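Okay, so here's the structure we're looking at.
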Amino acid sequence: MSAIFLRRSYERIGVRLNVNMFQTTGLVYLIGAALTIVLVGFLILLIAEILQIVAFFSIPEQLPSSMPAQQTWGPPAPPAPMPPSQGPTQ
Numbered sequence: 084m085s086a087i088f089l090r091r092s093y094e095r096i097g098v099r100l101n102v103n104m105f106q107t108t109g110l111v112y113l114i115g116a117a118l119t120i121v122l123v124g125f126l127i128l129l130i131a132e133i134l135q136i137v138a139f140f141s142i143p144e145q146l147p148s149s150m151p152a153q154q155t156w157g158p159p160a161p162p163a164p165m166p167p168s169q170g171p172t173q
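Every letter in the sequence shown is one number past the one before it in our numbering, and letter 49, counting from 1, is 132.
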């Protein structure tokens, strides 16, 4: 089950960073996880880990310009004052 989510995340990383090796890594990891039942999957998982290392070293220094800038988060805005008609009653 976790291999499916890992594959989805590697697909998105590969698309956003424009590094197809991440997509390949996700697919190989999914196949390896499915084949662990017949013990061949452990070898395929090892290959997937090696591909993962290669993919991380393939990330470009400069991100593609089509990527939006990351949003920075700050403190929340203060609440708007209530109109006098909705003020607390005494």
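Ideal Cβ positions, reconstructed from N, Cα and C, are used throughout, including at glycine.
Predicted model only: the values in this text are computed from it and were never measured.
Cβ separation of residue i and residue j, assumed to be a contact under 8 angstroms, to the nearest whole Å
i: Val102; j: Ile142; result: 6 angstroms
i: Met104; j: Ala160; result: That pair is no contact at about 42 angstroms.
i: Leu113; j: Ile87; result: 7 angstroms
Terminal residues of the alpha helix (DSSP H) in which residue i lies
i: Thr107; result: Asn103 to Ala117
i: Val137; result: Gly124 to Phe140
i: Ser92; result: Ser85 to Leu100
Cβ-based burial, residue i [other Cβ within 10 Å; buried from 16]
i: Leu134; result: buried
i: Arg91; result: exposed
i: Ala177; result: Residue 177 cannot be examined here, being either before or after the span of the chain that is shown, 84 to 173.
Assess contact between the segment 93-109 and the segment 117-127, defined as three or more Cβ pairs (one per stretch) separated by less than 8 angstroms. Is contact present? no
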